[in-house]
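Visitor: I am attaching a structure below and will ask some questions about it afterwards.
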Amino acid sequence: MKAVPHLRVALALALIAGGLLAVDRFLASTETRELANEAASAYRRGTSLLQQKKNEQALEFLRRAHTIERQNSEYELHLASALVAVGMPDDAEPLIMDALGRRPVDGAANLAEARLLAGKGRYSEAEAFFHRAVYGVWHEDAAKQRKAARFELIELLAEEKHKHEMLAELISLEAEPGNDIATRKRLAHLLLLAGSPVSAASVYRALTDTDSTDGGSLNGLGEAELENGHYRAARNAFLRAALHSQDVAIQARLQLLDQLTTLDPTPRQLTSLEKYHRSVRILDLARTDLKQLAESNPLKDSVQIGELLKRASDVVAKPQPAHVSNELAEAVLSLAEQVWRVRIQDFGVGTGQEEAALRLILDRLAP
Amino acid sequence: MPDESEPERRQLNWTGFANREDQLLIALSLVIGVLVGLTVVAFMLVTGRLSARMYPPESEAWRRVLVPLAGALVSGYLLWRYFPGARGSGIPQTKFALFLDDGYISLRTVFGKLICCSISLASGIALGREGPSVQIGAGIASAVGRRFGLSAENVRALVPAGASAALAAAFNTPIAAVLFSLEEILGDLHAPVLGSVVLSAATSWIVLHLILGDQPLFHVPAYQLVSPAEFGIYVVLGVVGGLGSVCFVKLLLGLRVWFRRLPRWTLWLQPAIGGLTVGLLGWFQPAVLGVGYDFVDRVLGGDVPLKTVILLGVLKIVATPVCYSSGNAGGIFGPSLFVGAMMGGSVGSIAHTLFPGSTASPGAYALVGMGTAFAGIVRTPLTSVIMIFEMTRDYSIIVPLMISNLISFFISQKLQRQPIYEALAHQEGVHLPTLAERGGNSGLKAADLMLTDSPMLPRLVAIEQLRAQIEKANCSSWPVGDDGRLYGMARDRQGVPEVRSTYPSAYPDLSLNQTLEIMREHKVDALPVVSRANIHHLLGIVTLRRLLSVYQIQEQHEAESE
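So the sequences go chain by chain: A and B.
All the letters of the first sequence, read from the start, carry residue numbers 1 to 367 under my numbering.
All the letters of the second sequence, read from the start, carry residue numbers 1001 to 1562 under my numbering.
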């Protein structure tokens, strides 16, 4: 081997290393850029297909995006959503857990886990993750995302009939500033479901004050007032709603309210006589209802029912006393309530349209 | 390789290491780690970007047939015309260089390997990049050592350092890279070059992380052993892995024999057969193309249907041997891991379907399966365990891995006696020294006392000529052959020359003890000394008489010195 100046060799190696480093850096940045573009393109295709409900096809593109950029939580969570949509929740969970492992406070990841758990019927765990989503970190449009997460939680609570928790969430939501009309409408509807017709009516009223032609809000207001037992106010609301909508349901509601207004024994301006007449009518309707049910189900405790029906028949058949007092009317109503309780106890709640008015009146009198 | 002269070595003074080559070796290990790390990263990135251009997302199916074919034709021509040393995987070639050529690997081979492998792997040839990386790394180490005027011995010492640096960067597993260099390249876990091997692997790994970040080669699932009953399934996986490995190796070696029988003028065309085969398979199942690590990732994630996993495992067992045997440039490490992942994924899926409550996800089995196939095909059980352990960084995987890998290793050893790289070397006519042979390499060697001036006799030798020769050499047999090619050993059998075509032989690097042992075992008093690179190339003849006379001289010399 011929003589080699080693310093020059070392310098040459340093130059080669420098050159290689530059080449590597260039190639690495090219790769990063190209892969990011490829992943973004696959992600766009995947989400678009997901929106078109082509879940199986979407899955392939989302998988591709996720494989290229493992650290991208957005890709990961969309893939998890697609997996849930195609009925593979077990495959989705590790992805969500991976995203949560990287960022435990991530709102989207917590929401995805909450949805997954809710889908599996693990509601109490789901509720916890919904709360983390509501109070978690969102990258963009945080207020909107948090609100949407809270609505999802409320709907889950509604399904579970957890009215108190639901109401607590709704109150928090109601207190938030900047709720748009759609949000307020949804809020009012959920307040009604949560058993807070007063608050619901208040929100609906505010909405109808803003837009008096909003049939949906007028309808909602009618429902809320109906629930509150304010039949006249409800009737007015439905009448106004009917001006802007040909919905047959509104007409049915008006018919019901006509019945209720003629049956309701509670208005303050009613005379004792009128209250007595209405009480007897209520008792008669309750008695007829129970009698029909007892005849079609002879196995039930016929002795107790028979006695009760006899007492009710006696009161209904009894001629109107010369002097009618409020106490007399109340006594009749008490008997009607007893009949109704036996009816509920032995035969459950009916769903028939014809007994709706009776049910509403008696539920209000004997909740 | 020519030896360096003493004045040249003195030029090392500029570093302050006057004749302290050991210290320079350590410094050069770091330099080699950096250079090899940078080169291997560039190789991986170039291959990846080139492949992305060959196969854009949602590209047409015809590409999957034509691109591998074209890639194989181009790289095949380049290999045949310009870079014959860059053919194949790179592991056997590195070992040839280490044990037969004083660690000499030309820069031309390094460039050829880079260019040809980039073309063939990017075009979808079903081979891996790790084997070629090893040869590239070893070549860089060899070139650096030579440029610094190191002795042949020290150049040889740097070759495993280059190999481990390359593997550390290619697999992102520095410990496994060190072990592989010792276990497979050197074949000696107690090799004295451990220090430089570790240093270069660590340096290269740091370079990899500086450039590409902390991205693992595979995104492995969190490993878990659900129940002790799973050990039984890992035994089954070991058996499946062992049998699959044997199929892979036997098919590859068998096909290699077939390709070697084809006329020499077809050499540049042969890789195209591999290209066409993998192209046709890729037409139906695109994941069979290339290294396939993306798909391994998906199998590890457990999101591939069982049918696809089985099909891909079978297709890869066909595609890789055809590609390799036909002479394409590329290695079998990556495909081994791919096949292993498919075998493991299949076993895991079936087990999980049958016993969902007491088995882990199929991804966990795919992970262990990777090590199982590696242990069965490459036959480096320790490296295979450590490699998968490094990938998962999870201690709990060790026992299942050891169970499966060792079962696979033993099955493979039982059904295919020769390890793949040894068998490939033998097909090339190369016989590398065993560890025992290398262990006795101090003192005099067969090369030191072989007769080089006594010619080989013709194959059809006359009895008189044979008698004269064996009397002259004072032995009972003599090598015969034609045109410089050793054919056999001839002896006088009652006045008739008897030629035996199967005969014991010695290599020039064997110690006198080992040479004597061969003579004792075969009851002969003369041995042809042949080249390890070509066992039909006669280098000289060593006789029992000459060997014993050397011992007498040694004894006398020792007596005098005492």
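Even for Gly, the Cβ is constructed at its ideal location relative to N, Cα and C.
Small disclaimer: the values here were computed from a predicted structure and weren't measured.
1. Return the Cβ separation of GLN1418 (chain B) and VAL1257 (chain B) in integer angstroms, given the expectation that the two are a contact with Cβ distance under 8 angstroms.
2. The alpha helix (DSSP H) spanning PRO1477 (chain B) covers which residue range?
3. Please specify which runs of the beta strand (DSSP E), each continuous and at least 3 residues long, are wholly inside the stretch 1331-1417 of chain B, giving them in chain order.
4. Any beta carbon of chain B sitting closer than 9 angstroms to that of SER41 (chain A)?
5. Any chance you could list the alpha helix (DSSP H) runs of at least 4 consecutive residues sitting entirely within the stretch 1033-1119 of chain B, in chain order?
6. Does the contact criterion of 3 or more C-beta pairs under 8 angstroms hold for the stretch 1136-1143 of chain B versus the stretch 1152-1162 of chain B?
7. Helix, strand or coil, according to DSSP, for SER1142 (chain B) in the structure here?
8. Could you tell me the distance, in whole angstroms, from the CA atom of GLY1348 (chain B) to the CA atom of HIS66 (chain A)?
9. Would PHE1338 (chain B) and VAL1378 (chain B) qualify as a contact pair, given that the criterion is a beta-carbon distance under 9 angstroms?
10. Show which residues of chain A have a CB atom less than 9 angstroms away from the CB atom of VAL1144 (chain B).
11. Going by Cα to Cα distance, which pick from A:ILE68, A:ALA128 and A:ALA206 is closest to GLU34 (chain A)?
12. Helix, strand or coil for ARG268 (chain A)? Go by DSSP, reduced to three states.
13. Using Cβ-Cβ distances below 9 angstroms, what residues of the stretch 169-189 of chain A are close to chain B?
14. Against ARG1604 (chain B), what residues of chain A qualify as contacts under a CB-to-CB distance less than 9 angstroms, listed in chain order?
15. Taking only beta-carbon atoms, is PRO94 (chain A) less than 9 angstroms away from chain B?
16. Can the beta-carbon of ASN228 (chain A) be found closer than 9 angstroms to that of ALA201 (chain A)?
17. Tell me where the alpha helix (DSSP H) around TYR135 (chain A) begins and ends.
18. Write down the C-beta distance between SER1326 (chain B) and PHE1259 (chain B) rounded to the nearest angstrom, noting that I regard them as a contact closer than 8 angstroms.
19. Give me the chain A residues within the contact set of ASP1102 (chain B), using Cβ-Cβ distance strictly less than 8 angstroms, ordered along the chain.
20. Thinking ALA1097 (chain B) and ALA1138 (chain B) are a contact (beta carbons under 8 angstroms), I'd like their distance in whole angstroms, please.
21. Give, in chain order, every residue of the stretch 1024-1053 of chain B whose Cβ lies closer than 8 angstroms to some Cβ of chain A.
22. For the alpha helix (DSSP H) containing GLU1498 (chain B), list its first residue and its last residue.
23. Are the C-beta of MET1 (chain A) and some C-beta of chain B separated by less than 9 angstroms?
24. So the alpha helix (DSSP H) GLY1213 (chain B) belongs to, where does it begin and stop?
25. So, does the CB of ASP1022 (chain B) fall closer than 9 angstroms to a CB anywhere in chain A?
26. Give the DSSP-derived three-state secondary structure of MET1519 (chain B) in the structure shown.
27. Grab me the residues of VAL1193 (chain B)'s own chain with a C-beta within less than 6 angstroms of its C-beta, minus the 5 sequence neighbours each way, in chain order.
28. Give a yes or no on whether the minimum CB-CB distance between ALA28 (chain A) and chain B is below 9 angstroms.
29. Can you grab the Cα-Cα spacing for the pair ARG973 (chain B) / THR1434 (chain B), in whole Å?
30. Please report whether the beta-carbon of LEU1547 (chain B) lies at a distance below 9 angstroms from any beta-carbon of chain A.
31. Output the distance between the C-alpha atoms of VAL332 (chain A) and SER279 (chain A), rounded to the nearest integer angstrom.
32. Compare the C-beta of GLU113 (chain A) with all C-beta atoms of chain B and state if any pair is closer than 9 angstroms.
33. Pull up the CB-CB distance for PRO1321 (chain B) and PHE1248 (chain B), whole angstroms please, since I reckon it's below 8 angstroms.
34. Spatial neighbours of ARG232 (chain A) within its chain, please: C-beta separation below 7 angstroms, excluding the five flanking residues on both sides.
35. If you follow the alpha helix (DSSP H) that MET97 (chain A) is part of, which residue opens it and which one closes it?
36. Is the Cβ of ALA99 (chain A) closer than 9 angstroms to any Cβ of chain B?
Guide: This is what the structure gives:
1. By one-based count along the second sequence, residue 1418 (chain B) stands at place 418. By one-based count along the second sequence, residue 1257 (chain B) stands at place 257. Going by Cβ atoms, the distance from GLN1418 (chain B) to VAL1257 (chain B) rounds to 13 angstroms, so no, they are not a contact pair.
2. The count along the second sequence starts at 1 and reaches residue 1477 (chain B) at position 477. Sequence check: residue 1477 (chain B) is Ser here, not Pro. It is not in any alpha helix (DSSP H) - SER1477 (chain B) instead sits in the beta strand (DSSP E) that spans 1477-1482.
3. none
4. Taking the first sequence and counting its residues from 1, one reaches residue 41 (chain A) at position 41. Taking 9 angstroms as the threshold, the shortest C-beta distance from SER41 (chain A) to chain B falls below it.
5. Taking only runs of at least 4 residues, the alpha helix (DSSP H) segments lying wholly in the stretch 1033-1119 of chain B are 1061-1081 and 1091-1100.
6. yes
7. Within the second sequence, numbered from 1, the residue matching residue 1142 (chain B) stands at position 142. In this structure, SER1142 (chain B) counts as helix in the three-state DSSP scheme.
8. Here residue 1348 (chain B) corresponds to residue number 348 of the second sequence, with the count starting at 1. Here residue 66 (chain A) corresponds to residue number 66 of the first sequence, with the count starting at 1. Whole-angstrom Cα-Cα distance: 23 angstroms.
9. One-based indexing of the second sequence puts residue 1338 (chain B) at position 338. One-based indexing of the second sequence puts residue 1378 (chain B) at position 378. Against a cut-off of 9 angstroms, the Cβ pair of VAL1378 (chain B) and PHE1338 (chain B) comes out as no contact.
10. Within the second sequence, the letter at position 144 stands for residue 1144 (chain B). Residues of chain A passing the Cβ test: VAL9 and LEU13.
11. Here residue 34 (chain A) is taken as the residue at index 34 of the first sequence, counted from 1. Nearest option by C-alpha distance: A:ILE68.
12. Taking the first sequence and counting its residues from 1, one reaches residue 268 (chain A) at position 268. Three-state DSSP puts ARG268 (chain A) in coil, outside helix and strand.
13. Against chain B - using a Cβ distance shorter than 9 angstroms - the stretch 169-189 of chain A contributes no residues.
14. Here chain B covers residues 1001 to 1562 and nothing more, so residue 1604 (chain B) does not appear.
15. For the purposes of this step, residue 94 (chain A) is taken as the residue at position 94 of the first sequence. PRO94 (chain A) counts as touching chain B.
16. The sequence position of residue 228 (chain A) within the first sequence is 228, counting from 1. The sequence position of residue 201 (chain A) within the first sequence is 201, counting from 1. Going by C-beta atoms, ASN228 (chain A) is nearer than 9 angstroms to ALA201 (chain A).
17. Here residue 135 (chain A) corresponds to residue number 135 of the first sequence, with the count starting at 1. Run containing TYR135 (chain A): 123-135, per the alpha helix (DSSP H) assignment.
18. Taking the first residue of the second sequence as position 1, residue 1326 (chain B) is located at position 326. Taking the first residue of the second sequence as position 1, residue 1259 (chain B) is located at position 259. With a Cβ gap of about 6 angstroms, SER1326 (chain B) and PHE1259 (chain B) count as contacting.
19. Locating residue 1102 (chain B) in the second sequence gives position 102, where the first residue counts as 1. In chain order: nothing, as chain A lies at least about 12 angstroms away.
20. As a first step, residue 1097 (chain B) must be located in the second sequence, where it is residue number 97. As a first step, residue 1138 (chain B) must be located in the second sequence, where it is residue number 138. That belief holds up - the Cβ atoms of ALA1097 (chain B) and ALA1138 (chain B) are roughly 7 angstroms apart, short of 8 angstroms.
21. VAL1031, VAL1034, LEU1035, LEU1038, THR1039, VAL1041, ALA1042, LEU1045, VAL1046, GLY1048, ARG1049 and ALA1052
22. Taking the second sequence and counting its residues from 1, the one referred to as residue 1498 (chain B) is at position 498. Note, GLU1498 (chain B): premise wrong, no alpha helix (DSSP H); beta strand (DSSP E) at 1496-1500.
23. Taking the first sequence and counting its residues from 1, the one referred to as residue 1 (chain A) is at position 1. Caution applies to MET1 (chain A), whose pLDDT of 41 falls short of 50 and renders its modelled position unreliable; the value that the coordinates give is listed next. Closer than 9 angstroms to some Cβ of chain B, the Cβ of MET1 (chain A) qualifies, so yes.
24. On the second sequence, residue 1213 (chain B) is found 213 positions in, with the first residue counted as 1. Per DSSP, GLY1213 (chain B) belongs to no alpha helix (DSSP H) and is neither H nor E.
25. Counted from its first residue, the second sequence places residue 1022 (chain B) at position 22. It does not; no Cβ of chain A falls within 9 angstroms.
26. One-based indexing of the second sequence puts residue 1519 (chain B) at position 519. In this structure, MET1519 (chain B) counts as helix in the three-state DSSP scheme.
27. Within the second sequence, the letter at position 193 stands for residue 1193 (chain B). Here the set comprises ALA1157 and PRO1160.
28. On the first sequence, position 28 is the one that residue 28 (chain A) refers to. So yes, ALA28 (chain A) belongs to the interface.
29. Because chain B in this structure spans residues 1001 to 1562, residue 973 (chain B) falls outside the shown range and cannot be described.
30. Along the second sequence, one-based indexing puts residue 1547 (chain B) at 547. It does not; no Cβ of chain A falls within 9 angstroms.
31. Position 332 of the first sequence, counted from the first residue, corresponds to residue 332 (chain A). Position 279 of the first sequence, counted from the first residue, corresponds to residue 279 (chain A). Separation of VAL332 (chain A) and SER279 (chain A) (C-alpha to C-alpha, rounded to the nearest whole angstrom) is 6 angstroms.
32. In the first sequence, counting from the first residue as 1, residue 113 (chain A) sits at position 113. So, not an interface residue.
33. Indexing the second sequence from 1 puts residue 1321 (chain B) at position 321. Indexing the second sequence from 1 puts residue 1248 (chain B) at position 248. So it is a contact: roughly 7 angstroms between Cβ atoms.
34. Residue numbering aside, residue 232 (chain A) sits at position 232 when the first sequence is read from its first letter. Here the set comprises THR261.
35. As a first step, residue 97 (chain A) must be located in the first sequence, where it is residue number 97. Where MET97 (chain A) is concerned, the enclosing alpha helix (DSSP H) stretches over 89-102.
36. For this step, residue 99 (chain A) is matched to residue 99 along the first sequence. With 9 angstroms as the cut-off, ALA99 (chain A) does not count as an interface residue toward chain B.
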